[in-house]
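**Student:** All residue numbers for the sequence shown refer to my numbering, where the first residue is 224 and numbers rise by one. This is the structure I have questions about; it appears just below.
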Amino acid sequence: MNAESDARDEAAAPAARAPATGDVTPDVTEGAAKGERELGSRAPGFIKASKALHVSWQVGVFVVGLAVVVAGVIMLPLPGPGWLVIFGGMAIWATEFVWAQLVLRWTRRKVTEAAQKALDPKVRRRNIILTVVGLVIVAVLVGIYVWKFGIMMPWKIHE
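In C-alpha cells form, the structure reads like this:
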C-alpha cells in the first residue's frame, strides 16, 4: 500500500518542480491548468514524518473507506443512496491513495461530459419528447384500466 503511493509521490515531485524543462508529464500540466490538487497523500506533515505512523494512517484510511464502500454496495439493492455512499468511500480513499484519486478524476470528467451532453439543445429536445410520449402512454393505460375496472380502493372508507 505505502510503497506504491510513496513511489508515485517521489516520481511526481521532481516533475512538478521542473516545469521549465518542457518534460512535464501531461497529467501534471492538465492538473495545474485545471486547478486540480497534486496526487498523493494528504496526511498531516507530522504523520508523514514517521514511516510507522504513516503506514498505520494509511491502513486506517483504507479500513474506513472499505467500510463505507461496503455499506454503499449493500445499499445498492436496498433503499438508500448506494452510489453516493460508494463515491463517498472512494473520496475517503482518495485522501491517501493515488489510484483512488485517479478514479475520482476520471469519474468527475465523465460526469461533466455527460452533463454537457445533456445540456445540448438537440439532446434536451429529444429527452423532453420521449418523456412526454412516455407520460401520454402511461396516462392512456391508466385511463383504460380505470374505465374498464373502475377505481377500487384497497380499504373500506364507508365503514
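We treat Cβ as the ideally placed atom computed from N, Cα and C, and that holds for glycine.
In terms of residues, what are the limits of the alpha helix (DSSP H) holding E261?
**Tutor:** Taken as a continuous stretch (DSSP letters only), E261 belongs to no alpha helix (DSSP H), as it is neither H nor E.
**Student:** For L301 and A272, I'd like the C-alpha separation in whole angstroms.
**Tutor:** Rounded to the nearest angstrom, the two C-alpha atoms are 43 angstroms apart.
**Student:** Report the residue from S279, Q324, G295 whose alpha carbon sits nearest the alpha carbon of I270.
**Tutor:** If we check each option's Cα against that of I270, S279 comes out closest.
**Student:** Using the C-alpha atoms, what's the distance from V291 back to V308?
**Tutor:** Answer to the nearest angstrom: the Cα atoms are 7 angstroms apart.
**Student:** Using the Cα positions of V388 and V293, report the straight-line distance between them to the nearest angstrom.
**Tutor:** Examination of residue 388 is not possible in this model, given that the chain is present from 224 through 382 alone.
**Student:** Can you give the beta carbon distance from G288 to M298, rounded, assuming they're within the 8 angstroms contact cut?
**Tutor:** Contact doesn't hold; Cβ gap of about 16 angstroms is too wide.
**Student:** Just to confirm, is the Cβ distance from E319 to V284 under 8 angstroms?
**Tutor:** Yes. Within cutoff.
**Student:** Can you tell me which of L325, R349, A275, I351 puts its alpha carbon nearest to the alpha carbon of G263?
**Tutor:** Measuring from the Cα of G263, the nearest candidate turns out to be L325.
**Student:** Measuring CB to CB, does A323 end up less than 8 angstroms from W329?
**Tutor:** Result no, Cβ atoms of A323 and W329 do not sit closer than 8 angstroms.
**Student:** Could you have a look at I297 and say whether DSSP puts it in helix, strand or coil?
**Tutor:** If DSSP states are grouped into helix, strand and coil, I297 belongs with the helices.
**Student:** Who are the Cβ neighbours of A341 in its own chain at under 8 angstroms, not counting the five residues just before and after it?
**Tutor:** Counting only Cβ-Cβ distances below 8 angstroms, and skipping sequence neighbours, we find R347, N350.
**Student:** Expressed to the nearest angstrom, what Euclidean distance is found between the alpha-carbon atoms of V369 and T354?
**Tutor:** Those two C-alpha atoms are separated by around 22 angstroms.
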